[in-house]
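Step one of this worksheet: look at the structure below.
There are 2 protein chains.
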Amino acid sequence: MDARARHLLKSLIEQHINSGQPVGSRQLARDAGLAISPATVRNVIADLEDAGYVISPHTSAGRIPTPSGYRFFVDSLISVGPLSGASRRLLLQRIGAHLPDAEEVLHAATEALSQMTRMVGFIRVPKRATQTLRHVDFIALREREVLAIFVTDKGEVENRLIRVAEPLSAAALTQAANRFNASYGGRPLQEVIALLEEDLQQSRAEMDAILRNAMELGKEMLAADQERMLVEGELQLLDLPDLAASERLRELLSVVRQKRELVMLLDQSVLGSDVRLFIGGESGLAPLSDFTLISAPYQIDGELVGVIGVLGPMRMPYQDIIPLVDGTARLLGQALSQGEWLSS
Amino acid sequence: MDARARHLLKSLIEQHINSGQPVGSRQLARDAGLAISPATVRNVIADLEDAGYVISPHTSAGRIPTPSGYRFFVDSLISVGPLSGASRRLLLQRIGAHLPDAEEVLHAATEALSQMTRMVGFIRVPKRATQTLRHVDFIALREREVLAIFVTDKGEVENRLIRVAEPLSAAALTQAANRFNASYGGRPLQEVIALLEEDLQQSRAEMDAILRNAMELGKEMLAADQERMLVEGELQLLDLPDLAASERLRELLSVVRQKRELVMLLDQSVLGSDVRLFIGGESGLAPLSDFTLISAPYQIDGELVGVIGVLGPMRMPYQDIIPLVDGTARLLGQALSQGEWLSS
DNA sequence: CTTGGCACTCGCTGCGGTAGAGTGCCAAAA
DNA sequence: TTTTGGCACTCTACCGCAGCGAGTGCCAAG
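In C-alpha cells form, the structure reads like this:
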C-alpha cells in the first residue's frame, strides 16, 4: 500500500470517527488535503475495499472502516501521544483524593476513566493469591454467633458470620484468635488454607466450627478472586446514539454482568506490559464483536497485578482513548505502590 | 359507580395488563362475561373516561388505564391473596442459603425479588443510627499505615486505612484498641462520635491521628447511612418491550443511580407497616411518572428498620407482584430476627 | 495514471390510497 | 329509562410509488 492510500485510509477513518457516517469519495477528496479528484479517490478506495479495510454498507453509500481497518489504523497510521496535561492533572486529583485506601483508589480510578472516556470502565483488581494473611479476629456478636474477620497485608478485609454449636466466652475467642494469628499470620493465603485443612484433624472439638469456617472464608476469598472485577458506567453505553438499545447492546451488558468470560480475557492481557486492544471480533467473544475493548495492565511495587480498561463502540477516538487508558494504569500503579505518590 | 362499571373496568385493566394493547368495546363485551353489547360497553366506558380512570391514546383506539385507574384497581377491584406456596418455598430457599450473614441475606432477598418479579429490586438497608459499637481493631499494616476496623452489634464491618505521622508498635496499637473498646464499646454509634469529639482534646498526641480518623470513620458510617441502598436488576428494565430504551428509561435509571431522592421516598414508607404503592406520578418524582414503585417495610426483632420493593412499568401484574413484595419483606424480617428462622 | 462524464443502484422521504379498528351518536327496541 | 343495532366518522398502520440525492463503477479521453 502506497503513501497516498495510507493517507486516504487514515483520513477516511478519522472522518468516520467524527461523523459516524459513511464517507464518500467527494468528501474524502476535499478533506484529505490531496490535490486529486473524487474519481481517483474511488480507484484507491476500491483497492482498500478489496484489501478488507473498508466496506460499503450498501451500493450507493460511502465506506466505513472494518475491524481490520481500525486495526491497521491504530497499528500503522496513528501515533499515540502522551497523556495531556489537563487529563493527567484530573486523574491525579481524582485518584489521590482517595489515598491511602486501596479499594477506594481502584474504584476512583475506574470511575474517572469511565467518565473521561464516556465509555464503560472496568478493572481487574489485584490478585489475592499473592497476599499474605495479616491478622484474624473472632468477635462474639450474639449468643453462638461469631464474626470472623480476615485482614491481608494489602489491607483487604473480609468478614463472615459464623454459627457455633455452643456459646464461647470472649476470652476463649481472643485466645483462639491469638493462637490463630501466631500460627498462620504472615503466611500466604494459599498456605494458610492448606495448613488449616491439616490442622483441622487434631484440633479441639469446640474450635472445630470456627476453624472450619475460617477455612471456608479463606477459600472463598481465593475463589472469588477468580472473578473480582469492578465495572463502572454501564449506563454510558445507553448514550451511544449508534446502537442505543439494540439487541447487541443487551448481549453485551449481560456479558459484562456475568464477568467470567471477560475476566478470562483480561487475565490474558495482564501478561504483556503494554496497552492492548481487542477490536471487534478479535477477542473471540461474540457479544463483543461490535465493540472495542482497550486494556492496560498496572503494576504495584513493580509487579503486574491487574488490568484496567474501557469498553466502547469500535468507532471511538483512539488517539485520545489509548493515552487515557495507559495513563490511568500508570498513575493507578504509582498510587498503590509504596512511597511513589508524591503528588507526582 | 355501579357494579357493572366496576366489573368492566376491572376486566379492561386485566386485559390491558395481559396484552399491553388498548382494549376496545367489542373485545371487552366478549371477554367480560356479561351479556351486553359493545354499544352498551361504549356507554359505560365513556363514563369511566369522564371519571378519569381510562383514556384513549387516539380517536380510533381502545382505552388504556390511567394512573388513577390503576390506583382504583388495586384499592377497590382486586384482592391480593397470600404468597403462593411455590414462591414462598423459592424465597425461603434463596434467603436461607445465605444465613447467618446479614449483608448477604439482604442481597439475596433483593436479587430473588428482582428475578421473580422481573423488575428492578431495591432495598433500604437497616439503619446504623440505632446500632451500637461492638468492637474496634487497629492493625499495623505497613510502616505508618494503620488499618482501623469497626464492628457493630449487627455484624456490620467497616474498615479504613489510616496514615500516621510516626510508626506505632503492634503493642501500642493493641493497647489503644483495648482502651478504645473499654471506653466506647457497647455504646450507640452516635454517642461514640460525640464522646470521641470530646476526648480528642485531652488525649495524648501520638494517638490523635488514630482517634481523629476513627471519629471520621464513624461519622462516615452514619453519613453514608443516608443513602445506603442496594439495587438489583436494573437490566430488567431493558427487557420491557414497551418503553425499551426511551428517553424516560434513561431518566429513570439515573434517578435509581443517584439514589438520594429514592431513599427519601422510601424512608417515608418505612413508617407504615404495610405494602405501599406509588403509581405513576404519585411519588412526586417526575422520572417515576411512567412507572410504579411497590414497597414493603420489614422488621427485625419487632422493629421497623428498612424497606424492600420493586420498580417497574405501571402495567404490571399487581395481583402477583404485591404478595411477592409483601412476602419477601416478611421472610426477610424473620431471617434477620433472633431465632425466628426455623425453615418456617 | 488521472480525470470528467455518465449510467446505474439504492436508501430515504413524502404522498395518496386503502383496510381495519374503534368511537360517538342516534333512533328504534325492550 | 336502558339497551341495542346501525352508521358516519376518525385515526393509525400499511403499502406501493415516484422523486431525490448521494455515491458508485466503468469507460474513454487527456
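Protein sequences appear in the order of chains D and S. Once you know that position 11 of the first sequence is -6 in our numbering, the rest is easy, because the numbers rise by one and skip nothing. Once you know that position 149 of the second sequence is 132 in our numbering, the rest is easy, because the numbers rise by one and skip nothing. Where is the CB? At the ideal position from N, CA and C, for every residue including glycine. Please read all numbers here as calculations on a predicted model, not as lab measurements.
Can you name the residues of chain D whose CB is closer than 7 Å to the CB of residue i?
i	result
residue 118 of chain S	122
residue 83 of chain S	128, 144 and 146
residue 223 of chain S	Chain D residues near residue 223 of chain S: none, gap ~11 Å exceeds 7 Å.
Which residues in chain D have a C-beta closer than 8 Å to the C-beta of residue i? List them in chain order.
i	result
residue 132 of chain S	120, 132, 134 and 140
Reducing DSSP to helix, strand and coil, say where residue i ends up.
i	result
residue 103 of chain D	strand
residue 259 of chain S	strand
residue 168 of chain S	coil
residue 38 of chain D	strand
residue 194 of chain S	helix
residue 43 of chain D	coil
residue 81 of chain D	coil
residue 212 of chain S	strand
residue 108 of chain S	coil
residue 117 of chain S	strand
residue 275 of chain D	strand
residue 49 of chain D	coil
residue 63 of chain D	coil
residue 175 of chain D	helix
residue 253 of chain S	coil
residue 21 of chain D	helix
residue 58 of chain S	helix
residue 76 of chain D	helix
residue 302 of chain D	helix
residue 150 of chain D	coil
residue -15 of chain D	coil
So who's on the other strand from residue i, going by DSSP bridges?
i	result
residue 129 of chain D	D/123 and D/145
residue 239 of chain D	Partner(s): none; residue 239 of chain D has no beta bridge.
residue 8 of chain S	In DSSP, residue 8 of chain S forms no bridge with anything.
residue 281 of chain S	S/289
residue 295 of chain D	D/275
residue 157 of chain D	According to DSSP, which records beta bridges pairwise, residue 157 of chain D is partnered with nothing at all.
residue 135 of chain D	D/116
residue 140 of chain S	S/134
Of all Cβ atoms in chain S, is any one closer than 8 Å to the Cβ of residue i?
i	result
residue 234 of chain D	no
residue 240 of chain D	yes
residue 218 of chain D	yes
When you compare the CB of residue i with every CB in chain D, is at least one pair closer than 8 Å?
i	result
residue 284 of chain S	no
residue 128 of chain S	yes
residue 156 of chain S	no
Show which residues of chain S have a CB atom less than 9 Å away from the CB atom of residue i.
i	result
residue 313 of chain D	What residue 313 of chain D touches in chain S: nothing, since even the nearest Cβ is about 22 Å away.
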